[in-house]
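Just so you know, we're using the UniProt record's numbering here: the sequence shown kicks off at 1 and counts up by one. To start, the structure under review is shown below, and the notes come after it.
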Amino acid sequence: RLCQLLDITGCGWRRLAEVAAVDKRFRCSEEELELCSLEVLESHGSPTQSLLQLLAERNCTLQDLLGCLEKMGHTQACHVLSSAVQDMIHIVVQPESQVVAEGTRLSLSCRATGTPGLTYQWFCGRQEVPGATAPELVMDMAALQGRSEWFICRVNCGDAFTFSQWVHVWVERSSSPGAGNSYCPTVSGLQILQYPQPCCLAEGDSLALECRAIGTPLPQYQWFRNQRPLEGAQAPRLQVKLVTTAERGSYSCRVFNLFHELWSQEVDVEIGETPPPPPRAGLGAAGASPLYPAPTSVPAATDKVALLIGNMHYLHHKQLRAPKVDVHALSTLLRQLDFKVVLLLDLREAEMQMAVNEFLLLLDKGAYGLLYYARHGYENFGNSFMVPIDAPTAYTSALCLCVQRVLQGMQQRRTGLNIFLLDMCHKRNLNDDVIPNVETPQVTANTVFGYATCADAEAYELSQGELSNGIFVTFLKRWLLQDEKITVLLDKVAEDMGTLEITRGRQALELRSNLSERRALTDPICAPARDESSARNLQWAKAHVLPESQALSFDCGVTVQLGFAAKFSNIMIIYTCMVAAPEDIAKCEAKLSDIPEELDVDLKCTNKGSPEETGSPLVSTWSLGYASHCLYSRLCGLQKLQQELVFTVCLQYWYRGVEDFVEERQRVSVGKPLIAKLNL
Numbered sequence: 001r002l003c004q005l006l007d008i009t010g011c012g013w014r015r016l017a018e019v020a021a022v023d024k025r026f027r028c029s030e031e032e033l034e035l036c037s038l039e040v041l042e043s044h045g046s047p048t049q050s051l052l053q054l055l056a057e058r059n060c061t062l063q064d065l066l067g068c069l070e071k072m073g074h075t076q077a078c079h080v081l082s083s084a085v086q087d088m089i090h091i092v093v094q095p096e097s098q099v100v101a102e103g104t105r106l107s108l109s110c111r112a113t114g115t116p117g118l119t120y121q122w123f124c125g126r127q128e129v130p131g132a133t134a135p136e137l138v139m140d141m142a143a144l145q146g147r148s149e150w151f152i153c154r155v156n157c158g159d160a161f162t163f164s165q166w167v168h169v170w171v172e173r174s175s176s177p178g179a180g181n182s183y184c185p186t187v188s189g190l191q192i193l194q195y196p197q198p199c200c201l202a203e204g205d206s207l208a209l210e211c212r213a214i215g216t217p218l219p220q221y222q223w224f225r226n227q228r229p230l231e232g233a234q235a236p237r238l239q240v241k242l243v244t245t246a247e248r249g250s251y252s253c254r255v256f257n258l259f260h261e262l263w264s265q266e267v268d269v270e271i272g273e274t275p276p277p278p279p280r281a282g283l284g285a286a287g288a289s290p291l292y293p294a295p296t297s298v299p300a301a302t303d304k305v306a307l308l309i310g311n312m313h314y315l316h317h318k319q320l321r322a323p324k325v326d327v328h329a330l331s332t333l334l335r336q337l338d339f340k341v342v343l344l345l346d347l348r349e350a351e352m353q354m355a356v357n358e359f360l361l362l363l364d365k366g367a368y369g370l371l372y373y374a375r376h377g378y379e380n381f382g383n384s385f386m387v388p389i390d391a392p393t394a395y396t397s398a399l400c401l402c403v404q405r406v407l408q409g410m411q412q413r414r415t416g417l418n419i420f421l422l423d424m425c426h427k428r429n430l431n432d433d434v435i436p437n438v439e440t441p442q443v444t445a446n447t448v449f450g451y452a453t454c455a456d457a458e459a460y461e462l463s464q465g466e467l468s469n470g471i472f473v474t475f476l477k478r479w480l481l482q483d484e485k486i487t488v489l490l491d492k493v494a495e496d497m498g499t500l501e502i503t504r505g506r507q508a509l510e511l512r513s514n515l516s517e518r519r520a521l522t523d524p525i526c527a528p529a530r531d532e533s534s535a536r537n538l539q540w541a542k543a544h545v546l547p548e549s550q551a552l553s554f555d556c557g558v559t560v561q562l563g564f565a566a567k568f569s570n571i572m573i574i575y576t577c578m579v580a581a582p583e584d585i586a587k588c589e590a591k592l593s594d595i596p597e598e599l600d601v602d603l604k605c606t607n608k609g610s611p612e613e614t615g616s617p618l619v620s621t622w623s624l625g626y627a628s629h630c631l632y633s634r635l636c637g638l639q640k641l642q643q644e645l646v647f648t649v650c651l652q653y654w655y656r657g658v659e660d661f662v663e664e665r666q667r668v669s670v671g672k673p674l675i676a677k678l679n680l
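Next up, the structure:
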């Protein structure tokens, strides 16, 4: 479009070249301009396009180009370029509302992609925050004088701009309950700001319910209809287009984070002519909780806990791809069903045993326990064994974990339901002829084994790239959220697997069960009002606490934001991002070094320009979307950490006009993150 406008004579491409030449960086020679003019002799040639190419080679930015067009007075070209630039600005990381304790620092983040040279400006209410021109807003809460405020960020490229969403920062005074919590200083509560409202709709209308909350850690959402979780409804806003009578019912929203849980009130959504509502069990008594008003005949769990282990990088056996993707996919679904999930990759024998021990500590009478294990394994003499990554070439049961012993531990905790999903081979181990000394499990009539394949057969994974699931999980995740008895659900998975042509006759799900009740993964939780439940919740929460983001100030005036992200309980990504730098510094970058040797840290996976480059393809599915000037490092095997995690942030910066860089270092301690807190 610019070429069409500027290829004409008059106020065209030659005038643009003259205006741009005022800046010596963009000056073109007469020979170059002559070559541009010769483009008119080509059938699809464009002098403007050749000139723009020359300017691009001289590092002319879109903002510089827009300034030249404005000086030319070419309003039509300015409008074309401004509109194109505005369409290219996309905010990929929105700031989030949060609760901040009085006397601490506020940290908000807004990231955008688009044209080079994006600028940021933060606002508090309608007023600009002085000096807040970086993607990260870090400010002392004392500046707010105890008030709660609304913040927004504007992203500019020249005159083109877009705004982030508004966020509410709630200031909690230091004298408030919980401010003295020594366990986690970021715990500041959870508060629902906007509740869903009842409505009456006609068939074909659109349903929109909204529930907004603030809290630290950030709130998560799960919508329910008639006390059952809605698949895929994990956003603050629930929207259904073209409703039918199937959407009629009572809706509520569960708002939660690692430490707190709140529920909105139930609201009725009526569609068309509504019959009288059925009586609701559990609401008749004064003070009865409306959270799970289920009939007494419906089974309920006192808690739901899942341990997911995926072993991929074996030291002496074939390495695998799918376990990482499989455990991640299952964890996402199980969390929607209110399971507390511990998600671990690549464990050695001792680490697997300790992880199982911690898993058992999270269980209590009436709890639902689920163990999913992916990859190398075998079955001998009726017992199943999970193979750790450090197993030798000719391993035996003495070097593996026996699943039946895990079942005994669960039965000792008097669980309400025991589920084992074993995504591993089901063949004999010819190197192991020892009959294991395993006690016969109790007859509790509440145990289900789902084997990915039948006896004397192998389990397969699809060769469709880095992010492919194994065969079992490919079909399991289709059914996991269904409100079905667990054995019925697994039967449907088995039927589905039987339709896959490439594994027919090679892999078929095998189900073993003594379940005597209709127990399902969707059963509600009716937690006992006892201190033991709180202690178990804290034990689980400890394994999922990330270090707090930090702003590091260096002597040269540079401020570096240090942040943390994780999707697995024993793998963490650390990123460094420039927040502020003096004008006389032309370039700077912050790298991690001196990482403890006991962690599985590949230097090829540290200080990379994007999360994907850290060597984990799964990261692309949950990448924070930070800009290219952030550096990312991936730390694996956090369960091996025996001391606090201490590392060095090395800042290298270049002053304008100086070729050599200057270096400053800071040692940083972030305590024991994630699973390291459990001292496996």
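We treat Cβ as the ideally placed atom computed from N, Cα and C, and that holds for glycine.
{"query": "Expressed to the nearest angstrom, what Euclidean distance is found between the alpha-carbon atoms of Glu659 and Leu651?", "result": "16 Å"}
{"query": "If we ignore side chains and look at the alpha-carbon of each, how far apart do Gln165 and Leu118 end up?", "result": "18 Å"}
{"query": "Which residue comes first and which comes last in the beta strand (DSSP E) that contains Ile271?", "result": "Val267 to Ile271"}
{"query": "How about Ser569 and Leu344: do their beta carbons lie closer than 7 Å?", "result": "yes"}
{"query": "What are the boundary residues of the alpha helix (DSSP H) that Arg478 is part of?", "result": "Ile471 to Trp479"}
{"query": "Are the beta-carbon atoms belonging to Met497 and Leu509 less than 7 Å from one another?", "result": "yes"}
{"query": "Going by the DSSP bridge assignment, what does Thr113 pair with across the sheet?", "result": "His90"}
{"query": "Leaving out the 5 sequence neighbours to the left and right, which residues in its chain are closer than 8 Å to Arg348 when beta-carbon positions are compared?", "result": "Pro388, Ile389 and Asp390"}
{"query": "Please report the distance separating the alpha-carbon of Thr576 from that of Ser97.", "result": "22 Å"}
{"query": "Using only the alpha-carbon positions, how far apart do Gly284 and Lys608 sit?", "result": "With a pLDDT of 37 at Gly284, under the threshold of 50, the modelled position of this residue cannot be trusted; read the value that follows with caution. Rounded to the nearest angstrom, the two C-alpha atoms are 59 Å apart."}
{"query": "Using the C-alpha atoms, what's the distance from Thr648 back to Arg665?", "result": "7 Å"}
{"query": "Take Ser593 and list the residues in its own chain whose beta-carbon comes closer than 6 Å to its own, dropping the five residues that flank it on each side.", "result": "Thr648 and Cys650"}
{"query": "So is Pro229 buried or exposed if we call it buried at 16+ other beta carbons inside 10 Å?", "result": "buried"}
{"query": "If you compare alpha carbons, which of Met410, Glu34, Val155 and Cys211 is closest to Leu307?", "result": "Met410"}
{"query": "Around the C-beta of Ala340, are 16 or more other C-beta atoms found within 10 angstroms, so that it is buried, or is it exposed?", "result": "Before going further, note that residue 340 is Lys rather than Ala in the sequence given. Flag for Lys340 reads buried."}
{"query": "Asn514 to Gln408, Cα distance in whole Å?", "result": "15 Å"}
{"query": "Three-state secondary structure (DSSP) at Val488?", "result": "helix"}
{"query": "Within the region 397 to 423, note down every full beta strand (DSSP E) run reaching 3 residues or more, in order along the chain.", "result": "417 to 423"}
{"query": "Alpha carbon to alpha carbon, how far is Arg667 from Met424? Give it in angstroms, no decimals.", "result": "43 Å"}
{"query": "Determine, using beta carbons only, whether Val448 and Leu362 come nearer to each other than 7 Å.", "result": "no"}
{"query": "Considering just the uninterrupted stretch of the alpha helix (DSSP H) at Ala56, what are its terminal residues?", "result": "Pro47 to Glu57"}
{"query": "Restricting to Cα atoms, I'd like to know which of Gln507, Ile419 and Met352 is closest to Ala457.", "result": "Gln507"}
{"query": "Measuring straight from C-alpha to C-alpha, what distance separates Ile585 and Gly470?", "result": "50 Å"}
{"query": "Tell me where the alpha helix (DSSP H) around Gln353 begins and ends.", "result": "Glu349 to Leu361"}
{"query": "Let's test the definition: count the other Cβ atoms within 10 Å of the Cβ of Leu334 and tell me whether it reaches 16, buried, or not, exposed.", "result": "buried"}
{"query": "Assign Phe420 to one of two classes, buried (16 or more other C-beta atoms within 10 Å of its C-beta) or exposed (fewer than that).", "result": "buried"}
{"query": "In chain order, what residues of the same chain have a beta carbon less than 6 Å from the beta carbon of residue 685, not counting five sequence neighbours either side?", "result": "As displayed, the chain neither begins before 1 nor continues past 680, which places residue 685 out of reach and without an answer."}
{"query": "Using 10 angstroms around the beta-carbon of Cys200, count the other beta-carbons present and answer buried if the total reaches 16, otherwise exposed.", "result": "exposed"}
{"query": "With 16 as the cutoff for other CB atoms within 10 Å, does Asp338 come out buried or exposed?", "result": "buried"}
{"query": "Under a Cβ-count criterion, where at least 16 other Cβ atoms within 10 Å of its own Cβ denotes burial, should Asn431 be classed as buried or exposed?", "result": "exposed"}
{"query": "In this structure, does DSSP put Pro279 in helix, strand or coil?", "result": "Low confidence applies to Pro279: its pLDDT is 42, below 50, so where it sits in the model is not reliable, and the reading given next is rough at best. Pro279 falls in the coil class under three-state DSSP."}
{"query": "Please determine, among Ile214, Arg656, Asn383 and Cys157, the residue with the shortest C-alpha to C-alpha distance to Ile89.", "result": "Cys157"}
{"query": "Would you mind working out which of Arg405, Gln127 and Tyr368 sits nearest Met386, comparing C-alpha positions?", "result": "Arg405"}
{"query": "With a CB to CB cut of under 6 Å and the five nearest residues on each side skipped, what residues in its chain are close to Gln561?", "result": "Glu136, Ala551, Cys577 and Val579"}
{"query": "For Thr614, count neighbouring C-beta atoms within 10 Å of its own C-beta (all shown protein chains included) and say buried if the count is 16 or more, exposed if not.", "result": "buried"}
{"query": "Considering only DSSP beta bridges, list what His168 is partnered with.", "result": "Trp150"}
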